[in-house]
Each structure stands twice: as C-alpha cells, then as structure tokens.
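**Student:** Input: one structure, supplied below.
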Amino acid sequence: MPVGNLSYEGKSMHVLGVKWFVDDDESYKHGLQYWTGEEHVPAIEILSRGKEITWTLVGPRRCIGYRDESGNLHRCPEYSIVKGNQKRCGPCAAMDFYDECVFCDGSSCRASPARRERCRNAHYVVYLTAFGDGTLKVGVSVRSRLMTRWLEQGADYGAVLVEVQDGKKARRIESHLSHEESITSSVRFGRKVDALTSDLSVPDVEGMIDYLYSSNALAEIVREFNLQLKPPGVQSLATHYGFPVVDMTPAVWPKRRRGLHGQQVLGEILGMKGPLLLLETGKTKTAINLRRLIGYTIDPESEVTYVSQSSLLEHL
Numbered sequence: 077m078p079v080g081n082l083s084y085e086g087k088s089m090h091v092l093g094v095k096w097f098v099d100d101d102e103s104y105k106h107g108l109q110y111w112t113g114e115e116h117v118p119a120i121e122i123l124s125r126g127k128e129i130t131w132t133l134v135g136p137r138r139c140i141g142y143r144d145e146s147g148n149l150h151r152c153p154e155y156s157i158v159k160g161n162q163k164r165c166g167p168c169a170a171m172d173f174y175d176e177c178v179f180c181d182g183s184s185c186r187a188s189p190a191r192r193e194r195c196r197n198a199h200y201v202v203y204l205t206a207f208g209d210g211t212l213k214v215g216v217s218v219r220s221r222l223m224t225r226w227l228e229q230g231a232d233y234g235a236v237l238v239e240v241q242d243g244k245k246a247r248r249i250e251s252h253l254s255h256e257e258s259i260t261s262s263v264r265f266g267r268k269v270d271a272l273t274s275d276l277s278v279p280d281v282e283g284m285i286d287y288l289y290s291s292n293a294l295a296e297i298v299r300e301f302n303l304q305l306k307p308p309g310v311q312s313l314a315t316h317y318g319f320p321v322v323d324m325t326p327a328v329w330p331k332r333r334r335g336l337h338g339q340q341v342l343g344e345i346l347g348m349k350g351p352l353l354l355l356e357t358g359k360t361k362t363a364i365n366l367r368r369l370i371g372y373t374i375d376p377e378s379e380v381t382y383v384s385q386s387s388l389l390e391h392l
C-alpha cells in the first residue's frame, strides 16, 4: 500500500489510522496517517522519540474514506459523521475493497468476487506473537507484510507457524487455534500497557510455543488441514521499537468511551509500540491509545494553557 507524503507541518490532520512502514533506508518508521487540506494523497505525521506534541482533538468523528483494489485510499465524498466504533460511513464501507475481510474467520466469504479470487491465489502466513506479560496471540498476514503486522500490534516477539495458499484457509486455521485456552486472537490495549513493565525472554516464548506444538489440539489441526509446520523460530522485535525501559505502569488515556472533542494530548514522545504512544508530561508518563483518535481532526497549533494541560490526565 502506498505510504503517501510525509508530514504537513502546521496543518490540521484528519486521522485515518496508525501507520508503521519501511522507509527508504529499510528502517521502520511510525506515526499517524491523515488527510489534510484538499490533498488526495494521505500524509504521515512521524512520531519519533524526543518530539514534543501539542494536539487539540476536534470532533465530531468523520469517515476516513475507502480503499480501492490497489490499496489506495480515497477521501469520503461526503465527509460524513460516523458514530460509535465506526471508521467509515455506509457508502464508503460498501466501496472499500478490503472491508469485508476484517472480521473473516474462514467460515464464509462476503467479499466481492474479485477480492475472493485474489485472496484464493495469495500466500498467507499463520503466525504467533507474544507480549511481555506472556500473552500469546494467533494471527494471519500476507508474507510481504509480516514484520509490519507484528509491529502494528506492538508485539514483543513473533514466530511463523505455517504458510498456506488461500486466505480463507488461513483464517480457518487461525479461528481453530484461537479457541485454545493459551491463545487469543486479540489483545486489548490495557493489557499491552501492563506488559510494558514485564520481562519476557526468547527462551520463555520458545517454551510457550513448544508446549503448543506438543498439544493434541494442534496435532488435530495439522491433520485436518494437512499442514507442514515451520520450526518455531522466535524473532525479537525490540530493536524496531527503540522503546525505553519502563519501571512503572503508565497511566492510560483515554480511559473512558466518550467523545474526545476539545481534549488535548501534549508532552514529549518517549516511544511508540504498535498503537501505543508513550508520552511524558511533567513527571507523568501516559500511554496514549492512538487508535482512539481515528476519525478526529487534530489541531497541532492550538494554544495550551495550564488548565488545558490537565485535560490529558482528567480521566486517569
């Protein structure tokens, strides 16, 4: 998927999502992807360590647009207001080439015939990621996006289980594995924050995966799908984050499911891990869930007063 332009400093930003991507120097960069002005190519605000940010969130939340067959993003023609957890309005969700694939479990396919044909012929990886608190997650990715997918989640370790052709088959394998007691298919944000202070080693993760490999449940899945499992080579992802040592669990923002219009996010960036942005404001460290900003517009030039600085912490 095209990365787009990098950072329109000083302009308001309509947030589309959290972005991890490989830069020209083959290192991974991260930030927020957004629409600005009348541009038809989304930009990226790089959120690097040491950067000071002063954001005011402006509501209501609005549709982020849709993706075409090539993965290119297009603006919502109506700039529609969206409610609840929605990111797209009805028409844009209907036009989005990949929207029906988000919650696929392999049992049926609601995507367009063109999307299903592409999925059927593509090669996918069923993987495991591990988080600092010992959480083991199963997921699916196309091979070319595997490392990016791991980093988008904020995982500490990743390992490939098996490679298969046909995304529907890969999703069925994922669904079967997610029912195992020791494995999940999603990790909530609060758990990722708690994991920041945990210390999980490669041998720890290898032991968890070895236990899975010896289970009757996995043996049954291997037989059912006629799989050839990969040796459980565990990759550490720590070097891609450049994240500082965290001694105490930071506060979480936002904490409540409520509108964020008028709220401010400010401080010095200490690091970013998946959707988690760690900020320091005074002596307070706060973990920001960047996904909660999707759909809002950010004003990066708003005036900050002593009273407004407290808005970041008012829900803690």
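Letter 272 of the sequence shown, counting from 1, is numbered 348 in the numbering used here, and no numbers are missing.
Just so it is clear, CB atoms sit at the ideal spot from N, CA and C, and this is done for glycine as well.
Computed from a predicted structure; not experimentally measured.
With burial defined as no fewer than 16 other Cβ atoms inside 10 Å of the residue's Cβ, what is the status of methionine 284: buried or exposed?
**Tutor:** Result: buried.
**Student:** When the Cα of lysine 268 is compared with those of Gly135, Gly208, Gly338, Gly113, which residue comes out closest?
**Tutor:** Per the Cα distances, Gly208.
**Student:** If you follow the beta strand (DSSP E) that asparagine 365 is in, where does it begin and where does it stop?
**Tutor:** Taken as a continuous stretch (DSSP letters only), the beta strand (DSSP E) holding asparagine 365 covers 360-365.
**Student:** By how many angstroms is the C-alpha of cysteine 165 removed from the C-alpha of threonine 373?
**Tutor:** Roughly 16 Å separates the two Cα atoms.
**Student:** Quick one, are the C-beta atoms of tryptophan 131 and leucine 346 less than 9 Å apart?
**Tutor:** Their beta carbons are not under 9 Å apart, which means tryptophan 131 does not touch leucine 346 by this criterion.
**Student:** Leaving out the 5 sequence neighbours to the left and right, which residues in its chain are closer than 8 Å to valine 238 when beta-carbon positions are compared?
**Tutor:** Here the set comprises Val201, Val202, Ile249, Leu303, Gln304, Leu305, Lys306.
**Student:** Buried or exposed: proline 136, going by 16 or more other Cβ atoms within 10 Å of its Cβ?
**Tutor:** By the 10 Å Cβ count, proline 136 comes out exposed.
**Student:** Is DSSP giving serine 312 helix, strand or coil here?
**Tutor:** DSSP places serine 312 in strand when its eight states are reduced to three.
**Student:** Can you check whether the CB of cysteine 168 is closer than 9 Å to the CB of cysteine 195?
**Tutor:** The answer is no: Cβ separation not under 9 Å.
**Student:** So, at 6 Å on beta carbons, what are the nonlocal neighbours of methionine 348 in its own chain, with the 5 sequence-adjacent residues on each side left out?
**Tutor:** So the list reads His106, Leu123, once near-sequence residues are dropped.
**Student:** Do the stretch 256-265 and the stretch 206-224 meet, that is, are 3 or more Cβ pairs less than 8 Å apart?
**Tutor:** Enough Cβ pairs lie closer than 8 Å, so yes.
**Student:** Take the Cβ of glutamate 128 as the centre, count every other Cβ of all protein chains shown within 10 Å, and call the residue buried at 16 or more, exposed below.
**Tutor:** Exposed, since its Cβ has fewer than 16 Cβ neighbours within 10 Å.
**Student:** Just how far apart, CA to CA, sit serine 88 and proline 326?
**Tutor:** Cα to Cα, the separation comes out at about 28 Å.
**Student:** Which whole runs of the alpha helix (DSSP H) in the stretch 274-340 are 4 residues long or more, in chain order?
**Tutor:** Segments of the alpha helix (DSSP H) lying fully in the stretch 274-340: 278-289, 292-301, 314-317.
**Student:** When you compare each of Leu354, Arg186, Val94, Thr360 to glycine 126 by their alpha carbons, which one comes out closest?
**Tutor:** The residue with the shortest Cα to Cα distance from glycine 126 is Leu354.
**Student:** Is it buried or exposed, glycine 335, if we count other Cβ atoms within 10 angstroms and call 16 or more buried?
**Tutor:** Flag for glycine 335 reads exposed.
**Student:** Thinking aspartate 286 and proline 320 are a contact (beta carbons under 8 Å), I'd like their distance in whole angstroms, please.
**Tutor:** With a Cβ gap of about 31 Å, aspartate 286 and proline 320 do not count as contacting.
**Student:** Beta-carbon separation of isoleucine 362 and methionine 324 under 9 Å?
**Tutor:** Checking the sequence shown, residue 362 turns out to be threonine, not isoleucine. Not a contact, by the Cβ cut-off of 9 Å.
**Student:** What are the boundary residues of the beta strand (DSSP E) that includes leucine 353?
**Tutor:** Leucine 353 -> beta strand (DSSP E) spans 352-357.
**Student:** Could you tell me the distance, in whole angstroms, from the CA atom of arginine 116 to the CA atom of aspartate 270?
**Tutor:** Looking at the sequence provided, one finds histidine at residue 116 rather than arginine. Whole-angstrom Cα-Cα distance: 39 Å.
**Student:** Hey, could you find the ends of the beta strand (DSSP E) glutamate 239 is sitting in?
**Tutor:** Its beta strand (DSSP E) spans residues 233-241.
**Student:** Based on Cα-Cα distance, which residue from Arg225, Phe265, Leu227, Gln311 lies nearest to alanine 235?
**Tutor:** Closest option to alanine 235, Cα to Cα, is Gln311.
**Student:** Between the C-alpha atoms of aspartate 232 and histidine 316, what's the straight-line distance to the nearest angstrom?
**Tutor:** Taking the straight line from one Cα to the other gives about 10 Å.
**Student:** On the DSSP bridge list, what partners appear for methionine 348?
**Tutor:** DSSP lists Leu353 as partners of methionine 348.
**Student:** Measure the beta-carbon distance from leucine 133 to histidine 337 and round it to whole angstroms, keeping in mind my assumption that it falls under 8 Å.
**Tutor:** Contact holds; Cβ gap of about 6 Å.
**Student:** Based on Cα-Cα distance, which residue from Lys163, Asp99, Trp226, Ser156 lies nearest to leucine 313?
**Tutor:** Minimum Cα distance to leucine 313 is reached at Trp226.
**Student:** Counting C-beta neighbours from all protein chains within 10 Å, is the total for arginine 333 16 or more, i.e. buried, or is it exposed?
**Tutor:** By the neighbour-count rule (16 or more Cβ atoms within 10 Å), arginine 333 is not buried but exposed.
**Student:** In three-state terms, what does DSSP make of lysine 159?
**Tutor:** It is coil, neither helix nor strand.
**Student:** What is the DSSP secondary structure of alanine 271, reduced to helix, strand or coil?
**Tutor:** Helix.
**Student:** Go ahead and pull the three-state DSSP assignment for valine 79.
**Tutor:** Per-residue confidence for valine 79 stands at a pLDDT of 49, beneath the threshold of 50, marking its modelled position as unreliable; no derived number is given.
**Student:** What does a CB cutoff of less than 6 Å around histidine 90 pick up in its chain, not counting 5 residues either side in sequence?
**Tutor:** The residues are Tyr110, Trp111, Thr373.
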